[in-house]
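My numbering puts the first residue of the sequence shown at 467, with every later residue one more than the last. Below is one structure, written out as structure tokens; the observations come after it.
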Amino acid sequence: MYSNSDCQYIWGRCLDLIRGRVPPQTFSTWFQPIRAISISENTIFLQVPNKFFYDWLDSHYRDIIQGTLKEISGNGMNAKYTVLLSETEAEKNPEKDGVFQKTIESRPEIRAAQSGMLERGTRINENYVFDNFVEGKSNQFAKAASIAVSNSPGKTSFNPLVIYGGTGLGKTHLLQAIGNHALINGCAKKVVYVSSDTFTLDFIAAVQKNKTTDFVRYYRGVDMLLLDDIQFFQNKEQTQEQFFHIFNDLFQHHKQIVLTTDRPPLELRGLQERLLSRFQSSLTVDIQPPDLETRIAILNKKAQKDNLDLPYEVIEYIAQNVKSNIRELEGLLIRLLAYSSLMKVDIDILLARKVLRETGTIEKKSILSIEDIQKTVGDVYLVNLDLLVGKSRTKEVAEARMVAMYLAREYTNLSLKTIGIYFGGRDHSTVVHACKSVEDRSEKDDHFAQFIGQIKEKLKNAK
Ligand code: ADP
Ligand code: MG
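Shown next as structure tokens:
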């Protein structure tokens with residue numbers, strides 16, 4: 467039995483280790499608010515402020531928490547933890563009886579495989595359905611093919627269906643949606659979703675236990691096999707061999723197979739030729755990064771689902787800045803929500819900027835507008851905007867103008883030509899000259915360099 471002080475001690479030591487492993491901002495935002503409530507047997511109960519916080523923690527820091535717990539507690543304590551909602555959140559969620567519990571285990575498949583207890587099951591996640599998969603030019607064809615296949619598994623010419631695309635673009639979502647749809651419609655009874663990693667672990671465990679026949683029988687008995695991320699099969703010869711036979715068998719019996727990969731099948735290295743040639747006879751559909759409208763639609767859908775009233779400008783701002791990965795898009799939204807509820811501030815464009823900046827999604831360069839720079843420099847030199855962009859050549863004004871141009875080049879992504887336009891339609895060579903003068907003088911004149919440093923500080927604080 468552990469006492470409360472054991473619990474505080476263990477968690478305190480975990481925090482000490484974690485503090486050294488994550489950036490300070492991450493530590494204060496995501497770890498400091500966690501409270502250790504109790505420990506029973508091999509589970510530590512942690513309390514977090516709300517569900518968003520929980521989701522964020524789970525998706526980003528689960529491994530760190532698990533790993534640290536394991537390290538501190540030794541092998542005696544299983545790295546497993548449960549999260550409780552804080553009281554205030556519980557009041558808002560009476561239907562949950564004030565408790566939001568979820569047990570998290572570190573890579574359960576690996577542990578299970580190691581102990582020979584890997585359980586097979588459909589592994590279908592009901593949250594991934596076609597309804598909440600936002601369609602856009604980038605994924606239209608992939609979605610249409612997925613729907614066709616899930617309506618008539620094994621009966622279309624799309625067998626296997628291969629979906630490929632970069633990470634975080636919705637491959638797993640589509641794959642799971644196919645399974646859900648087929649199950650709900652009753653088009654397939656035994657639907658199995660499995661990542662290639664888990665498939666491999668399952669196979670290894672079967673070999674160790676002399677149960678490969680069971681393994682093969684299980685996968686041959688499915689109506690629909692949804693195999694995720696087949697790039698992980700590379701160089702795993704034996705697993706590929708098994709998969710090849712299972713594949714042929716399912717194919718001959720008109721069972722549907724859907725595969726995903728992060729690159730076009732032909733570019734899959736380390737995969738046997740005969741497996742690749744099977745994929746060539748298939749329908750291959752790709753998912754591209756979504757365009758701006760699709761990204762906005764995805765964020766809107768997410769916000770709606772979570773009953774969030776987000777200002778449109780915030781949605782658009784996030785969508786504009788996160789371009790290539792939908793998982794990151796969702797992550798930022800969660801972080802924003804967590805931040806606003808932790809700090810008790812409204813979600814507005816300023817908060818969005820702050821969060822995007824902290825996560826490194828946008829660099830400082832792109833978040834300052836040229837107007838910010840002109841205003842700050844104008845304030846420092848006591849020169850108003852008209853003068854700054856006008857024709858005056860007095861020493862003060864000319865210097866302020868050059869410094870502002872230099873900072874605009876440093877802190878915005880605007881071209882030299884555009885910067886010139888912002889300064890009363892000056893030529894880009896004038897901007898080049900201004901930047902060079904400021905740089906040269908900074909090198910020679912320490913006072914001036916310091917002065918420029920102070921303006922930069924002011925600019926940082928302006929945001
Ligand atoms: P991948 O498997 O390609 O790495 P996922 O399927 O895991 O990507 O998608 C990452 C996240 O983005 C998931 O939460 C998923 O629900 C979401 N997502 C991806 N595409 C869409 C979409 N078109 N509409 C709504 N959500 C999407
Ligand atoms: Mg995936």
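No residue lacks a Cβ here, since even glycine has one placed at the ideal position from N, Cα and C. Everything numeric in this text was worked out from a predicted model, so none of it was measured.
- Between residue 843 and residue 869, the C-beta spacing is below 9 Å.
- In this structure, the straight-line span from the alpha carbon of residue 692 to that of residue 716 is close to 12 Å.
- Distance from residue 874 to residue 839 at the Cβ level is roughly 5 Å; contact confirmed, criterion being Cβ atoms closer than 8 Å.
- Look at the region 667–750 and you find these whole runs of alpha helix (DSSP H), each 4 residues long or longer: 678–686, 703–718, 739–746.
- Taking C-beta separations shorter than 7 Å and ignoring five residues to either side along the sequence, the partners of residue 491 in its chain run 824, following chain order.
- Counting only beta-carbon distances shorter than 5 Å to the non-hydrogen atoms of the ligand ADP, the qualifying residues in chain order are 599, 600, 633, 634, 635, 636, 637, 638, 639, 764, 792, 793.
- With a cutoff of 8 Å, residue 752 does not count as near the ligand MG, since its C-beta is closer than that to no heavy atom of the ligand.
- Contact between the region 715–730 and the region 638–645 is established, with three or more Cβ pairs separated by less than 8 Å.
- For residue 765, the enclosing alpha helix (DSSP H) covers residues 758–771.
- For residue 596, the secondary structure class from DSSP, reduced to helix, strand or coil, is coil.
- In this structure, the beta-carbon distance from residue 628 to residue 750 falls below 9 Å.
- The Cβ atoms of residue 636 and residue 599 sit closer than 9 Å to each other.
- Taking C-beta atoms under 8 Å as the contact rule, residue 523 and residue 480 fail to qualify, at a distance of about 13 Å.
- Note on residue 719: under 16 other CB atoms within 10 angstroms of its CB, so exposed under the neighbour-count rule.
- Here the C-alpha atom of residue 673 lies approximately 11 Å from the C-alpha atom of residue 666.
- With contact defined as three or more Cβ pairs closer than 8 Å, the region 675–686 and the region 589–596 are not in contact.
- Distance from the CA of residue 722 to the CA of residue 657, rounded to the nearest whole angstrom, comes to 9 Å.
- The alpha-carbon of residue 748 is positioned some 12 Å away from that of residue 611.
- Boundaries of the alpha helix (DSSP H) harbouring residue 799: 792–809, taken from the DSSP string.
- By the criterion of a C-beta distance shorter than 8 Å, residue 794 is surrounded in its chain by 634, 788, 827, once the five residues flanking it on both sides are discounted.
- Distance from the C-beta of residue 663 to the nearest heavy atom of the ligand MG is not below 8 Å.
- The beta carbon of residue 694 sits closer than 8 Å to at least one heavy atom of the ligand MG.
- Beta-carbon to beta-carbon, residue 510 and residue 477 are separated by about 7 Å, close enough to satisfy the 8 Å threshold.
- A heavy atom of the ligand MG is found nearer than 8 Å to the CB of residue 726.
- For the set 504, 499, 854, 537, the Cα lying nearest the Cα of residue 520 is the one of 499.
- When beta bridges are read from the DSSP output, residue 502 appears opposite 512.
- Annotation: residue 475 is outside any beta strand (DSSP E); the continuous alpha helix (DSSP H) that includes it extends over 470–485.
- In the DSSP assignment, residue 627 forms a beta bridge with 724, 749.
- One thing to note: residue 699 has its Cβ within 9 Å of the Cβ of residue 737.
- Cβ neighbours of residue 735 within its own chain (closer than 8 Å, five residues either side excluded): 700.
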